[in-house]
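Okay, structure first, notes after.
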Amino acid sequence: MVSLVFRPRLFSVLRGYDRARLRADVFAGLTVGIVALPLAMAFAMASGVTPQAGLFTAIIAGFLAAFFGGTRTSVTGPTGAFIVVIYGIVAKYGVASLLVCTFMAGAMLVLMGVLRLGQVIRFFPMPLITGFTNGIAVLIFLTQLKDFFGLPIAQMPAGFFAVVKTLSANLGHFDGPTLALSASSLLLILLWPRRINKYLPSPFAALLLATLAVALFHLPVATIGSRFGGIPQGLPAFAPLSLDWNTLSDLMAPAFTIALLGAIESLLCAVVADSLTGDKHDANQELIGQGIANLVVPFFGGIPATGALARTATNIGNGGQTPVSGMVHALALLLVILVAAPLAAYIPLAVLAAILISVALKMGDWDWHKARQYPRRDTAILVVTFVLTVAFDLTVAVEVGLLMAAVFFIQSMASHTGVHRLVPEHAVLFERHSIAGKTVPPGCAAFRIEGALFFGAADVVEDILKQAPEAHVIILQLHRMVLLDTTGLLALSALNARLAENGRTLVLCGAAPEMQGLMEGSRLAEEVGADNLQPDLTTALERARALLTPAA
Numbered sequence: 001m002v003s004l005v006f007r008p009r010l011f012s013v014l015r016g017y018d019r020a021r022l023r024a025d026v027f028a029g030l031t032v033g034i035v036a037l038p039l040a041m042a043f044a045m046a047s048g049v050t051p052q053a054g055l056f057t058a059i060i061a062g063f064l065a066a067f068f069g070g071t072r073t074s075v076t077g078p079t080g081a082f083i084v085v086i087y088g089i090v091a092k093y094g095v096a097s098l099l100v101c102t103f104m105a106g107a108m109l110v111l112m113g114v115l116r117l118g119q120v121i122r123f124f125p126m127p128l129i130t131g132f133t134n135g136i137a138v139l140i141f142l143t144q145l146k147d148f149f150g151l152p153i154a155q156m157p158a159g160f161f162a163v164v165k166t167l168s169a170n171l172g173h174f175d176g177p178t179l180a181l182s183a184s185s186l187l188l189i190l191l192w193p194r195r196i197n198k199y200l201p202s203p204f205a206a207l208l209l210a211t212l213a214v215a216l217f218h219l220p221v222a223t224i225g226s227r228f229g230g231i232p233q234g235l236p237a238f239a240p241l242s243l244d245w246n247t248l249s250d251l252m253a254p255a256f257t258i259a260l261l262g263a264i265e266s267l268l269c270a271v272v273a274d275s276l277t278g279d280k281h282d283a284n285q286e287l288i289g290q291g292i293a294n295l296v297v298p299f300f301g302g303i304p305a306t307g308a309l310a311r312t313a314t315n316i317g318n319g320g321q322t323p324v325s326g327m328v329h330a331l332a333l334l335l336v337i338l339v340a341a342p343l344a345a346y347i348p349l350a351v352l353a354a355i356l357i358s359v360a361l362k363m364g365d366w367d368w369h370k371a372r373q374y375p376r377r378d379t380a381i382l383v384v385t386f387v388l389t390v391a392f393d394l395t396v397a398v399e400v401g402l403l404m405a406a407v408f409f410i411q412s413m414a415s416h417t418g419v420h421r422l423v424p425e426h427a428v429l430f431e432r433h434s435i436a437g438k439t440v441p442p443g444c445a446a447f448r449i450e451g452a453l454f455f456g457a458a459d460v461v462e463d464i465l466k467q468a469p470e471a472h473v474i475i476l477q478l479h480r481m482v483l484l485d486t487t488g489l490l491a492l493s494a495l496n497a498r499l500a501e502n503g504r505t506l507v508l509c510g511a512a513p514e515m516q517g518l519m520e521g522s523r524l525a526e527e528v529g530a531d532n533l534q535p536d537l538t539t540a541l542e543r544a545r546a547l548l549t550p551a552a
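Residue numbers (the UniProt record's numbering): 1 to 552.
Okay, here's the thing in structure tokens:
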């Protein structure tokens with residue numbers, strides 16, 4: 001069902017908005033801005049684009065997603081989850097095509113929200129999400145070793161095997177000052193006291209200290225200035241997208257991957273935010289807000305953005321209460337670009353690599369002992385998704401993981417579907433649908449279908465003929481049938497036809513209203529006959545007696 005309701009959370013929370021909330025939101029937003037500054041640049045560079053692209057994304061997408069989104073406290077910007085996808089697109093198609101992909105993904109996200117698909121993300125099993133998240137973390141870790149060790153590699157290739165081969169060939173040529181700076185930065189980030197982290201986030205502290213060290217001691221290490229020439233002051237001008245109609249169809253798959261990953265990440269972020277605040281997000285509005293952000297940001301040279309869990313947790317932990325805090329975070333980053341952009345030229349690439357490696361270590365779930373406690377099917381999904389993400393492609397990993405989850409679910413549903421013969425002597429419940437206390441007339445056999453009668457389990461109907469080859473009337477009780485699809489309807493129709501060929505009768509009873517409607521909407525009700533569709537077992541047995549009693 002299509003929803004045309006447009007209700008950004010900002011509009012509702014501004015009712016009764018006061019100075020106390022504004023003060024809390026401003027403080028939280030400024031703090032998140034400090035956290036987002038190094039992350040935005042690091043994620044952008046790891047994705048194969050300029051650091052300013054990450055900053056522009058955090059500013060524009062962060063502001064728009066907060067303004068139009070469906071959560072109170074989520075913060076949007078570039079994230080580590082997109083690095084692998086973006087890097088692959090840039091390597092294969094170029095930055096111009098990445099901008100088109102981002103726009104297409106934004107349109108898909110808006111469409112998902114309008115079509116009310118926000119709740120569909122709940123159907124993604126956690127082992128699948130853990131698998132591809134761990135895979136992304138491994139790839140981020142590997143791709144940052146170049147700048148972490150200061151290796152003489154002009155451009156890291158895309159793809160796990162190519163990355164490993166390139167690193168293996170160059171690992172012995174590391175740069176001492178770069179390694180010393182990156183290693184000390186990583187240790188500082190990992191060992192930074194928690195009580196200080198609330199006021200001075202560890203990534204920003206590492207960035208500040210490493211940049212001061214480079215500027216004061218003239219360390220011979222690569223910096224943003226040496227590689228990119230610095231960061232321009234101010235936002236870029238609006239620029240139309242460059243469409244190449246020959247590659248547009250090729251971009252559909254990566255655009256869908258961006259949209260799907262963005263939807264998963266943003267809604268998972270919203271769920272975590274709800275658990276921390278006690279709020280309830282609007283999943284469909286959040287998808288619309290994320291979509292609008294990704295529709296606009298490519299026109300200013302930005303990259304895909306989604307809800308960022310670490311920045312959201314920082315926002316909540318520092319008192320953020322409404323979307324205003326997310327908007328303040330964006331304005332804080334804009335202020336940095338306007339005032340301090342020239343200083344960014346001194347930021348060493350080694351510290352950004354250290355920040356990203358710390359992100360990779362934290363974003364993955366490395367408790368493999370816990371994974372061994374999962375059901376084997378869940379473990380298989382996790383491992384296969386992880387391996388495919390690392391070795392091949394995130395799109396392939398998600399597709400295969402979803403296919404495995406669907407097959408395992410179908411197998412599980414089918415294993416709980418069965419046909420059981422009803423025997424009064426074995427029944428213990430005296431209620432409307434129980435056969436206890438009732439008499440099954442000679443020449444009649446009563447059965448009950450339990451579970452889902454669907455394409456994965458419709459063959460259970462054949463067991464009825466095997467168990468009652470001589471019965472003239474077959475009663476099929478349906479009150480425990482929880483699902484009926486077209487294949488199930490056809491199986492019941494085939495059973496009725498086979499019985500009718502031999503002068504035998506099928507009586508159906510106890511179907512739930514939804515199942516009854518499906519049977520009446522198909523040819524099954526007509527084939528079985530209105531008299532042989534009974535509301536419960538008692539009337540079905542009466543119908544059987546009438547059929548078995550010879551006409552006077």
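Ideal Cβ placement from N, Cα and C applies to all residues, glycine included.
Comparing C-alpha distances from T71 to each of T133, A137, Q321 shows the shortest one belongs to Q321. Linking A511 to R376 through their CA atoms gives a straight-line distance of about 35 Å. Ranked by Cα distance from S182, the first of A353, L331, G131 is A353. Pairing H472 with P424, the inter-Cα distance amounts to about 19 Å.
When DSSP states are grouped into helix, strand and coil, P348 belongs to the strand group. Closest by C-alpha distance to E542, out of L484, V482, P442, is P442. Under the three-state reduction of DSSP output, H420 falls in the strand class. Annotation note: the segment 76 to 110 contains the following uninterrupted alpha helix (DSSP H) runs of length 4 or greater, listed N- to C-terminal: 83 to 93.
Here DSSP, grouped into helix, strand and coil, assigns F63 to helix. DSSP places T439 outside both helix and strand once states are collapsed to three, so it counts as coil. In this structure, A255 and A105 form a Cβ contact; the two beta carbons are roughly 5 Å apart against a cut-off of 8 Å. Burial state of T486 is exposed, judged by a 10 Å Cβ sphere holding fewer than 16 other Cβ atoms. An exposed status is given to N246, since fewer than 16 other beta-carbon atoms sit within 10 Å of its beta-carbon.
The shortest CA-to-CA distance from N134 to any of T549, P240, A397 is the one to A397.
In chain order, P323, G326, M327 place their CB closer than 6 Å to the CB of A66, counting only its own chain and leaving out the 5 sequence neighbours on each side.
By the Cβ rule, the segment 334 to 342 does not count as touching the segment 71 to 80, because fewer than three pairs are nearer than 8 Å.
E470 carries a coil assignment under DSSP once its states are collapsed to helix, strand and coil. Within the same chain, and ignoring the five residues on either side of N318 in sequence, the residues whose Cβ sits closer than 8 Å to its Cβ are F27, A28, T31, V32, K198.
Under the three-state reduction of DSSP output, M481 falls in the strand class.
With the rule of 3 Cβ pairs closer than 8 Å, the segment 264 to 275 counts as touching the segment 309 to 318.
Across the structure, P342 and I60 are spaced so that their CA atoms are roughly 20 Å apart. Closest by C-alpha distance to R7, out of V114, F43, L333, G234, is V114.
CA-to-CA, the gap between S47 and G229 works out to about 18 Å. Nearest to R116 by C-alpha distance, out of P220, A158, P125, D282, is D282. Between the segment 135 to 153 and the segment 403 to 411, the count of C-beta pairs closer than 8 Å stays below three; the two stretches do not touch.
For the 8 Å CB-CB criterion, Q52 and I231 form a contact.
When the alpha-carbon of R523 is set against those of C509, L548, A293, A491, the nearest one is in A491.
Per DSSP, T223 lies in no beta strand (DSSP E) and is assigned neither H nor E.
A residue is called buried when at least 16 other Cβ atoms come within 10 angstroms of its Cβ; L171 does not meet this threshold and is exposed. L191 counts as exposed, since fewer than 16 other beta carbons sit within 10 angstroms of its beta carbon.
Around the Cβ of M252, a 10 Å sphere holds fewer than 16 other Cβ atoms; the residue is exposed.
Spanning the alpha carbons of M481 and G69 requires a straight line of approximately 40 Å. CA-to-CA, the gap between Q290 and Q477 works out to about 48 Å.
Taking the C-beta atoms as reference points, I464 is found nearer than 8 Å to V419. Your pair G62 and H329 checks out as a contact, with CB atoms roughly 6 Å apart and the cut at 8 Å. For the options Q119, T505, A44, Q373, the alpha carbon positioned closest to that of V84 is the one of A44.
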